[in-house]
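Asker: Quick note on the working numbering: the sequence shown kicks off at 1187 and runs consecutively.
Positions of the beta carbon are idealized from the N, C-alpha and C atoms, including for glycine.
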Amino acid sequence: MNWTQFLLSLAAVYSLYYLLNVVFDLLRSRGQPAAEGGQDELVFSEQHEPRQVRSDEPPATPVQNPEAEPKSRQAISSGPLQSTGGVSLKQLFSLAQSDLIEYTKAIPY
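This is the structure in structure tokens:
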């Protein structure tokens, strides 16, 4: 038996298997009575009207303590930010050749 015969026989067996599954499902569905409509339906008959709820109390204002906040706020700075901007690919290779940038893998020039 060569590979072609094996694959053709395997395809025939799978086709026969799936054909029998489809026929079995069709025969099984004919024997069962049709389910009544609404059998699995859940219905609520109560009607609720929306209503607006209001609070009788006025909204509470937060109490501010003047001693709680610091008088001067200072932010911690990491120093001035500097950026060299983007470089083109040609400039990137020239920077790598002159060892001005650090790279982890060798770049074929």
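#1: My output table needs one value for residue 1286: the three-state DSSP class, helix, strand or coil.
#2: For residue 1229 and residue 1215, I'd like the C-alpha separation in whole angstroms.
#3: Put residue 1216 into one of helix, strand or coil per three-state DSSP.
#4: What three-state label does DSSP hand residue 1228 in the structure shown?
#5: Our contact map puts residue 1286 next to residue 1273 with C-beta atoms below 8 Å; I'd like the distance itself, whole angstroms only.
#6: In this structure, does DSSP put residue 1238 in helix, strand or coil?
#7: Work out the CA separation of residue 1204 and residue 1196 for me, nearest whole Å.
Answerer: On the basis of the data shown:
#1: coil
#2: 28 Å
#3: helix
#4: coil
#5: Residue 1286 to residue 1273, Cβ: 11 Å. No contact.
#6: coil
#7: 12 Å
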